[in-house]
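Per full-length UniProt numbering, residue 1 is the first one in the sequence shown, and the count goes up by one each step. Reading through the structure tokens given below for one structure.
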Amino acid sequence: MTADSPRTRAAPVLVPMPAERAYSYAVPDGMQVVPGSVVRVPLGPREVAGIVWDGPVEAVDPKKLRPIAHVFDCPPITDQMRRLVDWIAHYTLSPPGMVARMILRAPEAFDPEPWTEGLKRSDGEPDRMTAARARVLEMANDGMAWTRSGLAHAAGVSSTVIDGLRAQGVFETVLIPPRPVVAAPDTSYASAELTNDQQTVANSLRGQVEADRFAVTLIDGVTGSGKTEVYFEAVAAALDKGKQVLILLPEIALTQAFLERFQNRFGAKPAEWHSDLPPRMRERVWRQVAEGGVRVVAGARSALFLPFNNLGLIVVDEEHDPAYKQEDRVFYNARDMAVVRAHIGGFPVVLASATPSVESRVNAEQGKYARSVLSARFAEAALPKLATIDMRRSPPARGGFLSPMLLAKMRETLGRQEQSLLFLNRRGYAPLTLCRVCGHRFGCPVCSAWLVEHRFRGQLICHHCGHNEKRPEACPECGTFDHLVACGPGVERIAEEVVSHFPDARTIVLSSDMLGGVKRLRLELEAIANGEADIVIGTQLVAKGHNFPNMTLVGVVDADLGLANGDPRAAERTYQLLSQVTGRAGRTGKKSLGLLQTFQPDHPVMRAIVSGDSEAFYEREISEREKAALPPFGRLAGIIVSAATRPEAESHARGLRRAAQVAQDVHVLGPAEAPLALIGGRHRFRLLVQADRKADIQGYIRALLAAGPKVRGSVRVQVDIDPQSFL
Numbered sequence: 001m002t003a004d005s006p007r008t009r010a011a012p013v014l015v016p017m018p019a020e021r022a023y024s025y026a027v028p029d030g031m032q033v034v035p036g037s038v039v040r041v042p043l044g045p046r047e048v049a050g051i052v053w054d055g056p057v058e059a060v061d062p063k064k065l066r067p068i069a070h071v072f073d074c075p076p077i078t079d080q081m082r083r084l085v086d087w088i089a090h091y092t093l094s095p096p097g098m099v100a101r102m103i104l105r106a107p108e109a110f111d112p113e114p115w116t117e118g119l120k121r122s123d124g125e126p127d128r129m130t131a132a133r134a135r136v137l138e139m140a141n142d143g144m145a146w147t148r149s150g151l152a153h154a155a156g157v158s159s160t161v162i163d164g165l166r167a168q169g170v171f172e173t174v175l176i177p178p179r180p181v182v183a184a185p186d187t188s189y190a191s192a193e194l195t196n197d198q199q200t201v202a203n204s205l206r207g208q209v210e211a212d213r214f215a216v217t218l219i220d221g222v223t224g225s226g227k228t229e230v231y232f233e234a235v236a237a238a239l240d241k242g243k244q245v246l247i248l249l250p251e252i253a254l255t256q257a258f259l260e261r262f263q264n265r266f267g268a269k270p271a272e273w274h275s276d277l278p279p280r281m282r283e284r285v286w287r288q289v290a291e292g293g294v295r296v297v298a299g300a301r302s303a304l305f306l307p308f309n310n311l312g313l314i315v316v317d318e319e320h321d322p323a324y325k326q327e328d329r330v331f332y333n334a335r336d337m338a339v340v341r342a343h344i345g346g347f348p349v350v351l352a353s354a355t356p357s358v359e360s361r362v363n364a365e366q367g368k369y370a371r372s373v374l375s376a377r378f379a380e381a382a383l384p385k386l387a388t389i390d391m392r393r394s395p396p397a398r399g400g401f402l403s404p405m406l407l408a409k410m411r412e413t414l415g416r417q418e419q420s421l422l423f424l425n426r427r428g429y430a431p432l433t434l435c436r437v438c439g440h441r442f443g444c445p446v447c448s449a450w451l452v453e454h455r456f457r458g459q460l461i462c463h464h465c466g467h468n469e470k471r472p473e474a475c476p477e478c479g480t481f482d483h484l485v486a487c488g489p490g491v492e493r494i495a496e497e498v499v500s501h502f503p504d505a506r507t508i509v510l511s512s513d514m515l516g517g518v519k520r521l522r523l524e525l526e527a528i529a530n531g532e533a534d535i536v537i538g539t540q541l542v543a544k545g546h547n548f549p550n551m552t553l554v555g556v557v558d559a560d561l562g563l564a565n566g567d568p569r570a571a572e573r574t575y576q577l578l579s580q581v582t583g584r585a586g587r588t589g590k591k592s593l594g595l596l597q598t599f600q601p602d603h604p605v606m607r608a609i610v611s612g613d614s615e616a617f618y619e620r621e622i623s624e625r626e627k628a629a630l631p632p633f634g635r636l637a638g639i640i641v642s643a644a645t646r647p648e649a650e651s652h653a654r655g656l657r658r659a660a661q662v663a664q665d666v667h668v669l670g671p672a673e674a675p676l677a678l679i680g681g682r683h684r685f686r687l688l689v690q691a692d693r694k695a696d697i698q699g700y701i702r703a704l705l706a707a708g709p710k711v712r713g714s715v716r717v718q719v720d721i722d723p724q725s726f727l
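Right, dumping it as structure tokens:
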């Protein structure tokens with residue numbers, strides 16, 4: 001770690017910037033650092049946080065190095081986390097400094113939380129007793145330390161009463177340690193009633209945790225089969241061993257129901273970790289995770305980089321979800337990196353889904369993962385009956401998007417005082433607005449995308465860069481008034497149609513960009529679960545594990561939407577999304593129905609969903625992937641070249657293509673303009689690298705980038721290993 005000389009020591013420090021290696025710094029006399037120490041170091045004209053890294057320092061005279069400015073009073077980043085950073089950097093071809101940056105996201109947490117001044121009952125007695133003083137002493141006689149304001153509030157007195165007692169020596173001043181962000185979970189708080197099948201899986205998971213060795217288990221269970229209660233038993237086993245637990249969820253900001261289920265089982269909620277957490281709470285969670293005070297974290301993909309000091313189990317819920325893939329700066333899939341983290345730490349990981357990814361299914365078939373199947377809903381609740389509506393034979397009324405058959409079923413559901421869900425994975429009112437007179441289309445000025453009309457806000461918004469503008473009354477091209485027309489439906493337009501058919505029904509629209517943010521979404525979801533809505537209209541966020549007891553009808557407005565692109569995963573994603581959303585129906589045992597509006601009722605995806613034959617779908621999809629040598633039977637990587645001008649981007653992309661070496665097991669396709677060729681004013685070209693499963697695709701791309709043109713001007717090159725999106 002350090003190089004010693006008679007007078008000066010040196011240490012490598014990884015700083016949170018696009019650094020390919022750790023920089024060397026002098027360690028001042030009297031300062032103690034070890035690999036993992038969090039330090040503050042000078043970098044150019046400023047000082048930044050960094051992590052003392054492993055390995056030798058550069059062959060430089062330590063006296064010429066800049067010194068480490070400060071060592072934070074913080075538990076060192078563990079050897080396991082440092083190995084994970086190096087592994088991810090190597091696998092994703094990302095600078096290690098940018099991976100380490102994801103650990104250092106809570107700088108205020110690097111110093112200990114301050115202790116609070118408190119009061120504790122002493123042997124002193126007051127000179128006289130009043131009713132107010134008697135209430136205070138009654139509260140304080142428990143021997144516990146109180147804050148001044150807390151004791152006053154609990155006793156129902158003013159703070160001056162407390163001050164008077166302290167002045168007479170009735171209280172002594174003590175320091176109170178920082179309050180835990182969550183209470184400690186109690187594994188014996190409540191026991192779940194498990195079916196025989198659930199108990200078998202739970203026993204297997206408990207055995208893996210108790211064996212304390214690396215293993216991956218895929219829980220493949222239909223919607224409503226109780227997968228959560230099963231992996232809670234593994235969580236309990238890890239807690240009983242004194243270990244910490246990480247539960248990854250794709251939409252943690254929306255899963256209030258999950259937090260309540262956890263509390264019902266363990267008597268306390270887990271600590272949360274996601275982008276909507278207030279900064280002060282993020283800092284407290286980070287610190288208490290590092291110190292071991294927080295035992296369980298439920299978090300989004302970034303929770304993988306929390307500095308756990310004794311992690312013993314990772315659960316990845318909804319493991320198939322695309323939200324686990326990060327496509328900014330460091331491109332990584334949190335599901336796959338969770339498996340790597342568990343392998344490095346030598347502990348088990350649980351993947352859970354009703355519609356597992358093809359990759360996980362193949363890993364299970366090849367024996368790399370254990371697969372546990374839960375084929376029946378909990379309490380013998382029946383799965384919804386599923387059917388397609390052929391839109392060619394049962395088209396909607398002119399100007400509408402809901403077929404007469406679906407409307408009739410909604411009317412029947414309302415008559416039974418049950419809930420309906422209409423699903424359309426498209427935000428806003430309409431995906432395109434144009435002028436009927438001159439044909440002008442409203443497009444984003446800095447993206448190659450149409451502006452989406454949001455009628456509730458009266459705005460046209462780009463969903464890629466966030467550009468927005470007020471919806472005009474007249475066409476900006478020809479000046480004609482009242483001739484702008486919305487093309488196609490979004491959830492807001494479906495809501496408008498629903499209100500026209502069912503004016504007395506209580507209707508809620510759920511979308512990730514609704515006003516009020518996460519807090520309002522949680523309230524709306526709670527209202528739906530409590531039966532305070534008749535018809536729910538939502539995007540994909542309604543498909544993620546919610547339990548709506550009175551929902552018996554699910555209608556998919558446009559089941560073909562996800563199939564209309566060239567994405568190799570289109571069929572898999574459509575199957576997963578539609579299966580998940582129809583699984584919201586009938587979870588408490590009521591007779592339920594799922595209807596899919598489609599122009600392709602004979603498509604394999606539609607047939608698989610309606611028949612309930614998931615095995616046939618996976619068998620076909622896996623066979624197609626194997627024939628095309630697509631993941632997991634082959635490897636893919638995207639190279640995205642972007643620049644401020646199209647010629648710059650194209651020239652650099654073509655230069656990379658010319659530098660590609662001919663290899664038997666690796667092929668380079670492109671460059672071609674990306675389907676979204678312009679985002680945020682940057683022009684984009686893509687190359688696709690396809691390789692055999694055992695090929696060293698990272699080594700090939702590393703050599704390609706080294707041999708290619710140097711990055712100059714506004715050019716930026718990003719590498720996406722195992723791409724999930726091809727836009």
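Each residue gets a CB set at the ideal place from its N, CA and C atoms; glycine is no exception. Quick caveat, the model's predicted, so the values are computed rather than measured.
Measuring CB to CB, does Ser611 end up less than 7 Å from Leu374? In the sequence shown, residue 611 corresponds to position 611, counting from 1. In the sequence shown, residue 374 corresponds to position 374, counting from 1. Taking 7 Å as the Cβ cut-off, Ser611 and Leu374 do not qualify as a contacting pair.
Which word fits Gly169, buried or exposed, when buried means at least 16 other C-beta atoms lie within 10 angstroms of its C-beta? To locate residue 169, count along the sequence shown from 1; it is residue 169. So Gly169 counts as exposed.
If you follow the beta strand (DSSP E) that Lys241 is part of, which residue opens it and which one closes it? Along the sequence shown, read from residue 1 onward, the residue named residue 241 stands at position 241. For Lys241, no beta strand (DSSP E) segment is defined, and its DSSP state is neither H nor E.
With distances taken from CA atoms, which of Gly466, Ala505, Arg471, Pro445 is nearest Arg457? For this step, residue 457 is matched to residue 457 along the sequence shown. Considering only alpha carbons, the answer is Arg471.
CA-CA distance, Lys269 and Trp286? Taking the sequence shown and counting its residues from 1, one reaches residue 269 at position 269. Taking the sequence shown and counting its residues from 1, one reaches residue 286 at position 286. Those two C-alpha atoms are separated by around 16 Å.
Starting from Pro604, trace the alpha helix (DSSP H) both ways and give me its first and last residue. Here residue 604 refers to the residue found at position 604 when the sequence shown is read from its first residue. Unbroken alpha helix (DSSP H) run through Pro604: 604-611.
Distance, Cα to Cα, Met17 vs Pro723? By one-based count along the sequence shown, residue 17 stands at place 17. By one-based count along the sequence shown, residue 723 stands at place 723. Rounded to the nearest angstrom, the two C-alpha atoms are 23 Å apart.
Neighbour-count burial assignment, His683, 16 or more Cβ in a 10 Å radius: Walking along the sequence shown from the start, residue 683 turns up at place 683. With 16 or more Cβ atoms within 10 Å of its Cβ, His683 is classed as buried.
Cβ pair Gly36, Ile77 closer than 7 Å: Mapped onto the sequence shown, residue 36 falls at position 36. Mapped onto the sequence shown, residue 77 falls at position 77. Closer than 7 Å, so yes.
C-alpha distance - Ser642 paired with Gln366, whole-angstrom precision: For the purposes of this step, residue 642 is identified with residue 642 of the sequence shown, where counting begins at 1. For the purposes of this step, residue 366 is identified with residue 366 of the sequence shown, where counting begins at 1. Approximately 39 Å between the Cα atoms of the pair.
Express the C-alpha separation of Tyr25 and Ser5 in angstroms, rounding to a whole number. Here residue 5 corresponds to residue number 5 of the sequence shown, with the count starting at 1. Here residue 25 corresponds to residue number 25 of the sequence shown, with the count starting at 1. Note that Ser5 has pLDDT 44, beneath the 50 cutoff, so the model's placement of it is unreliable and the number below is only indicative. Distance between the alpha carbons of Ser5 and Tyr25: 14 Å.
Provide the residue span of the beta strand (DSSP E) that contains Trp273, from first to last. Here residue 273 corresponds to residue number 273 of the sequence shown, with the count starting at 1. Counting along the chain, the beta strand (DSSP E) containing Trp273 begins and ends at 271-273.
For Ala616, count the other beta carbons within 10 Å of its own beta carbon; 16 or more makes it buried, fewer makes it exposed. Which is it? The sequence position of residue 616 within the sequence shown is 616, counting from 1. The residue in question, Ala616, is exposed, as its Cβ has fewer than 16 Cβ neighbours within 10 Å.
Test item: CB-CB of Val554 and Gly594 under 7 Å: Looking up residue 554 in the sequence shown gives position 554. Looking up residue 594 in the sequence shown gives position 594. Contact: yes.
Can you find the residues in the same chain that come closer than 7 Å, C-beta to C-beta, to Asp86, ignoring five residues on each side of it along the sequence? Sequence index remark: in the sequence shown, residue 86 carries index 86 (1-based). Correct list, in chain order: Pro96.
Do Leu424 and Asp321 have their C-beta atoms within less than 7 Å of each other? Here residue 424 is taken as the residue at index 424 of the sequence shown, counted from 1. Here residue 321 is taken as the residue at index 321 of the sequence shown, counted from 1. A distance of 7 Å or more separates the beta carbons of Leu424 and Asp321.
Spatial neighbours of Arg135 within its chain, please: C-beta separation below 8 Å, excluding the five flanking residues on both sides. In the sequence shown, counting from the first residue as 1, residue 135 sits at position 135. Answer for Arg135: Ala155, Gly156, Val157, listed in chain order.
Is it true that the region 417-436 meets the region 480-490, where meeting means three or more beta-carbon pairs spaced less than 8 Å apart? Put simply, the region 417-436 touches the region 480-490. At least three CB pairs are less than 8 Å apart.
Report yes or no: do the region 614-630 and the region 695-711 share at least 3 C-beta pairs separated by less than 8 Å? Three or more Cβ pairs closer than 8 Å define a contact, and the region 614-630 falls short of that threshold against the region 695-711.
Going by Cα to Cα distance, which pick from Glu272, Val498, Ile219, Val485 is closest to Pro180? For the purposes of this step, residue 180 is identified with residue 180 of the sequence shown, where counting begins at 1. Checking every option, the nearest Cα to that of Pro180 belongs to Glu272.
Have a look at Arg128 and Glu113 and give me their C-alpha separation to the nearest angstrom. The residue labelled residue 128 in the question sits at position 128 within the sequence shown. The residue labelled residue 113 in the question sits at position 113 within the sequence shown. Whole-angstrom Cα-Cα distance: 38 Å.
Taking the runs of the beta strand (DSSP E) that are 3 residues or longer, which of them lie wholly in the region 204-241? 215-221
Taking C-alpha atoms, which residue in Asn550, Phe548, Leu577, Arg133 lies nearest to Gly562? If you number the sequence shown from 1, residue 562 lands on position 562. Comparing C-alpha distances from Gly562 to each of Asn550, Phe548, Leu577, Arg133 shows the shortest one belongs to Leu577.
In whole angstroms, what is the alpha-carbon distance linking Tyr91 and Ile721? Residue mapping note: residue 91 aligns to position 91 of the sequence shown, counting from 1. Residue mapping note: residue 721 aligns to position 721 of the sequence shown, counting from 1. The straight-line gap from Cα to Cα measures roughly 8 Å.
Residues of its chain near Glu172, where Cβ-Cβ distance is below 6 Å and the 5 sequence neighbours each way are ignored: Residue numbering aside, residue 172 sits at position 172 when the sequence shown is read from its first letter. Contacts found: Lys120, Ser122.
So what does DSSP say about Leu84, is it helix, strand or coil? Residue numbering aside, residue 84 sits at position 84 when the sequence shown is read from its first letter. In this structure, Leu84 counts as helix in the three-state DSSP scheme.
Residue range of the unbroken alpha helix (DSSP H) whose run includes His683: To locate residue 683, count along the sequence shown from 1; it is residue 683. Membership of His683 in any alpha helix (DSSP H) is not indicated; the residue belongs instead to the beta strand (DSSP E) covering 682-692.
What do you get for Gln288, buried or exposed, if any count of 16 or more other CB atoms within 10 angstroms of its CB means buried? Counting from 1 along the sequence shown, the entry for residue 288 is found at position 288. A buried status is given to Gln288, since no fewer than 16 other beta-carbon atoms sit within 10 Å of its beta-carbon.
Contact belief for Val41 with Val34 at Cβ below 8 Å, rounded distance in angstroms: For the purposes of this step, residue 41 is taken as residue 41 along the sequence shown, with counting starting at 1. For the purposes of this step, residue 34 is taken as residue 34 along the sequence shown, with counting starting at 1. 16 Å between Cβ atoms; not a contact.
Can you tell me the Cα-Cα spacing of Arg658 and Val362, whole angstroms? By 1-based counting over the sequence shown, the position of residue 658 is 658. By 1-based counting over the sequence shown, the position of residue 362 is 362. Taking the straight line joining both Cα atoms gives about 35 Å.
Just to confirm my understanding: we take Gly267, look at its own chain, exclude 5 residues before and 5 after, and list those with CB closer than 6 Å. What are they? Locating residue 267 in the sequence shown gives position 267, where the first residue counts as 1. Here the set comprises Asp186, Tyr189.
For Ala145, which of helix, strand or coil comes out of DSSP? The residue given as residue 145 occupies position 145 in the sequence shown. Ala145: coil per DSSP, three-state reduction.
Applying the criterion that 16 or more other CB atoms from any shown protein chain within 10 Å of the CB defines a buried residue, is Leu669 buried or exposed? The sequence position of residue 669 within the sequence shown is 669, counting from 1. Under this definition Leu669 is an exposed residue.
Distance, Cys478 Cα to Tyr324 Cα: As a first step, residue 324 must be located in the sequence shown, where it is residue number 324. As a first step, residue 478 must be located in the sequence shown, where it is residue number 478. Their Cα atoms are separated by approximately 45 Å.
Can you tell me the Cβ-Cβ gap for Val711 and Ala637, rounded? I've got them flagged as a contact below 8 Å. Locating residue 711 in the sequence shown gives position 711, where the first residue counts as 1. Locating residue 637 in the sequence shown gives position 637, where the first residue counts as 1. Incorrect: roughly 18 Å between the Cβ atoms, too far for contact.
Buried or exposed: where does Ser159 fall if 16 or more other Cβ atoms within 10 Å of its Cβ makes it buried? Here residue 159 refers to the residue found at position 159 when the sequence shown is read from its first residue. Ser159 is exposed by the Cβ-count criterion.
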